[in-house]
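Novice:
Residue numbers (the numbering used here): 91 to 245.
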C-alpha cells in the first residue's frame, strides 16, 4: 500500500495568485479550475474563483489550493491567524505550519528567499542546535512555513 499526503490550502479569493507565487518559488506546473468551469453561471459572483488548484513539480513537490466560497478577504491575519516568537517560544493561533526540509543550506536558502518575498520573518534562517539551517516565516498569503536543512543520519 502506498499513501501520500498533499497540503490543501484554503484561501479567500487569492488561491490563483497564491498558486502562481508558489510556482515562481518552487517551479513546476499549475493546474486550476474555477467554479464556472464546473457549472456555476459565469456571471455569478465568484465564478472565476478557484475550486480546484494544484502546483506540482517534476521532483514530486505538490500543493493544492482552493478559494472558500463567499466574501473575499485578503487580510491574511484575519483569515490565517498570527505567529510570533517570544522568549524562545513560538506563540500562534494557527492550526498548522507547512514544513519544508531540504538536503542542504543552499537549496533551503533559495526557497526561503522566494517565500520570504513580501512575507514576514518569524525566526531568521540560521544554524540551530538541531539543524545547519532553520527558520520560520509567514508568506504574503498567510501560510506559515518552517524550513530546515535535513541532518545527515549517523549510520
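The C-beta atom is built at its ideal place from N, Cα and C for all residues, glycine as well.
1) When the Cα atoms are used, what is the spatial distance from residue 151 to residue 145?
2) Which whole-angstrom value describes the C-beta separation of residue 173 and residue 234, a residue pair presumed to lie in contact below a C-beta threshold of 8 Å?
3) What is the residue span of the beta strand (DSSP E) that residue 225 lies within?
4) With a 10 Å radius around its C-beta and 16 neighbouring C-beta atoms as the bar for buried, classify residue 97 as buried or exposed.
5) Taking its Cβ as the centre, do 16 or more other Cβ atoms sit within 10 Å of residue 123, making it buried, or is it exposed?
6) Out of curiosity, what's the CA-to-CA distance linking residue 158 and residue 206?
7) Sorted by chain position, which residues of the same chain lie with C-beta nearer than 6 Å to residue 147's C-beta, five sequence neighbours on each side aside?
8) Starting from the C-beta of residue 228, find all residues in its chain whose C-beta is less than 7 Å away, skip the five residues before and the five after it, and write them out in chain order.
9) Helix or strand or just coil, what does DSSP make of residue 146?
10) When DSSP labels each residue in this structure, what does residue 200 get in the three-state scheme?
11) Which partner residues does residue 235 have in the DSSP bridge list?
12) Helix, strand or coil for residue 141 per DSSP?
13) Just to confirm my understanding: we take residue 181, look at its own chain, exclude 5 residues before and 5 after, and list those with CB closer than 6 Å. What are they?
14) Pull the bridge partners of residue 213 from the DSSP assignment, please.
Specialist: With the structure as the only source:
1) Taking the chain shown and counting its residues from 1, the one referred to as residue 151 is at position 61. Taking the chain shown and counting its residues from 1, the one referred to as residue 145 is at position 55. If you draw a straight line from the Cα of residue 151 to the Cα of residue 145, it is about 8 Å long.
2) As a first step, residue 173 must be located in the chain shown, where it is residue number 83. As a first step, residue 234 must be located in the chain shown, where it is residue number 144. Their Cβ separation, rounded to whole angstroms, is 5 Å, which keeps residue 173 and residue 234 in contact under 8 Å.
3) Sequence index remark: in the chain shown, residue 225 carries index 135 (1-based). For residue 225, the enclosing beta strand (DSSP E) starts and ends at 224 to 228.
4) Position 7 of the chain shown holds residue 97. Residue environment: residue 97 is assigned as exposed (fewer than 16 neighbouring CB atoms within 10 Å of its CB, all protein chains considered).
5) In the chain shown, counting from the first residue as 1, residue 123 sits at position 33. Per the 10 Å Cβ criterion, exposed.
6) Within the chain shown, residue 158 is the residue found at index 68, counting from 1. Within the chain shown, residue 206 is the residue found at index 116, counting from 1. Taking the straight line from one Cα to the other gives about 24 Å.
7) Working through the chain shown from its first residue, we reach residue 147 at position 57. Result list for residue 147: 116, 117, 118, in chain order.
8) As a first step, residue 228 is located in the chain shown; it is residue number 138 there, counting from the start. Short of 7 Å from the beta carbon of residue 228, and not among the five residues preceding or following it, lie these beta carbons of its own chain, in chain order: 173, 209, 210, 212, 234.
9) On the chain shown, residue 146 is found 56 positions in, with the first residue counted as 1. Strand, per DSSP.
10) Indexing the chain shown from 1 puts residue 200 at position 110. Helix.
11) Taking the chain shown and counting its residues from 1, the one referred to as residue 235 is at position 145. 188, 227, per the DSSP bridge assignment.
12) Along the chain shown, one-based indexing puts residue 141 at 51. Strand.
13) Within the chain shown, numbered from 1, the residue matching residue 181 stands at position 91. Contacts found: 174.
14) Against the chain shown, residue 213 aligns to sequence position 123. Looking at the DSSP assignment, residue 213 forms a beta bridge with 226.
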